[in-house]
Each structure stands twice: as structure tokens, then as C-alpha cells.
Amino acid sequence: MKTIIICISVHHGNTKKIAKAMAYVLNADILEPVNIDISNLEEYDLIGFGSGIYGWKHHNSLLNLIDKLPQTNKRAFIFSTRGNFIRIVPLKNYHNKLRYGLLKKGFEIIGEFSCLGLDTSGPLRFSGGKNKSHPDEKDLNDARKFTVGLKNGFKFTEIMGS
Ligand SMILES: Cc1cc2nc3c(=O)[nH]c(=O)nc-3n(C[C@H](O)[C@H](O)[C@H](O)COP(=O)(O)O)c2cc1C
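Residue numbering for the sequence shown follows our numbering, starting at 930 and increasing by one per position.
This is the structure:
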């Protein structure tokens, strides 16, 4: 199962840590959206899409890339790190834009993962931020378990992680 992970992690590299844990399990390459040559995606069986959550959605460069993709029937998974533990909106909503973008292109989404990440946005920077130790070892282990599930053909219907 040839896999690529497309990840952009601009705030603290939180999502990149998760991407690396996943890539190790799947023996996958990790590339940023700007470095993707769309014609090369043809060779992959599974594509992971991940970033931090910025303003209730994934990073624009990831969303813009998906807009440019051709119709497909490939399998995909989604992941994110985020600042909010208390879910002002259901966690699922944070992934909506990316999920619907992928579904519109014909992707089959076989799993979604999210966990907390250090957040020093806005006034949080004055206190050193929140979720200071995240992603922590448990988050990375959860990401590994999720990815082992994907590798073994399991499909997740709920967002995994914390
Ligand atoms: C400009 C900005 C907007 C953010 N918006 C949200 C948000 O809407 N919801 C949330 O839970 N976290 C939000 N965060 C926190 C990030 O999602 C969190 O820190 C994430 O782990 C960053 O991942 P990264 O280090 O991979 O970029 C925001 C952070 C920044 C810098």
C-alpha cells in the first residue's frame, strides 16, 4: 500500500510530529502541499491529509490543493492537531471543509484523527500557551495505533485521538 502524507504544520510543528509517527508505521513520504506535483499522486494507493486547525479549519494551502485535484476513487485519511479541548463546536466540524472537499473529489475517507497541540495563538502567547506538552507520547501512540488500524484495512467511522 503505497502511501503519501501531505502535511502543513506552521504554528509549532505539532502536526508534523503526528505525521512522522504515522509515516513511520505506513512507510510513507511526507510532503508539504506546495511541493506536491499532482500528476505524481497517481502512484499512491492511500493519501493522508493533515495540518493544524486555524480558524476552525485545516490550513488553506491544504484546502487549495484539494480544490486542484482531479476526480478520483483513491482512499484517504485526515488528521489534525488543535488548541481547543473544550469543544465549542463538535470536533467533526473542524474537519468538515477538508472532508467535504475530499468527498467531492471522490475520495473514500477511511479514518480521521485529531489531538491537542501547543497553542500560543493570540493572547495565549502571554502565558506561554496551552497544551504545553502536546502532542505528548500518548498522542503519538494513539496516532500510531490509528495508523496500524488503517494499515490492517480497518475503517474508522469516528474521529480518533483525544
Ligand atoms: C492563527 C491560528 C488560529 C487557530 N485557530 C484554532 C481553532 O480555530 N481551533 C483550535 O482548536 N485551535 C486553533 N489554533 C491552534 C492550533 O490548531 C494548534 O496550536 C495546532 O496544534 C497547530 O498545529 P501546527 O503546529 O502543526 O501548526 C489556532 C492557531 C493559530 C496560530
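For each residue, glycine too, the CB sits at the ideal point set by N, CA and C.
As the structure is a computational prediction, the values presented were derived from the model and not from experiment.
Quiz item: Going by the C-beta, is G1035 closer than 7 Å to any heavy atom of ligand 1?
Solution: no
Self-check item: Reduced DSSP category for G1078 - H, G, I as helix; E, B as strand; rest coil
Solution: Look at G1078 here: in three-state DSSP terms it is helix.
Quiz item: Should R1011 be listed as close to ligand 1, given that the test is whether its C-beta is under 7 Å from any heavy atom?
Solution: Correct: R1011 has its Cβ closer than 7 Å to ligand 1.
Quiz item: Is the segment 1029-1045 in contact with the segment 980-1000, if contact means three or more CB pairs nearer than 8 Å?
Solution: yes
Quiz item: Under 7 Å from any heavy atom of ligand 1, does the C-beta of I982 make it?
Solution: yes
Quiz item: What separation, rounded to the nearest whole angstrom, lies between the Cα atoms of T944 and L1079?
Solution: In this structure, the alpha-carbon of T944 lies about 18 Å from that of L1079.
Quiz item: Of the choices R1073, K1061 and I965, whose alpha-carbon is the least far from that of N1081?
Solution: Shortest Cα-Cα distance from N1081 to any of R1073, K1061 and I965 involves R1073.
Exercise. Report yes if the C-beta of L1047 is less than 7 Å from at least one heavy atom of ligand 1; otherwise report no.
Key: Yes - ligand 1 has a heavy atom lying nearer than 7 Å to the Cβ of L1047.
Exercise. Check whether the Cβ of S938 sits closer than 7 Å to any heavy atom of ligand 1, and report yes or no.
Key: Yes, ligand 1 has a heavy atom inside 7 Å of this Cβ.
Quiz prompt | Nearest-angstrom Cα separation, counted from F1042 out to L960 | solution = Between L960 and F1042, the C-alpha separation is close to 18 Å.
Self-check item: Inter-residue Cα distance where the pair is Y1029 and A952
Solution: 24 Å
Quiz prompt | Outcome for S1056 when other beta-carbon atoms lying within 10 angstroms are tallied against a minimum of 16 | solution = Exposed, since its Cβ has fewer than 16 Cβ neighbours within 10 Å.
Self-check item: Helix, strand or coil at I965 according to DSSP, with G and I counted as helix
Solution: coil
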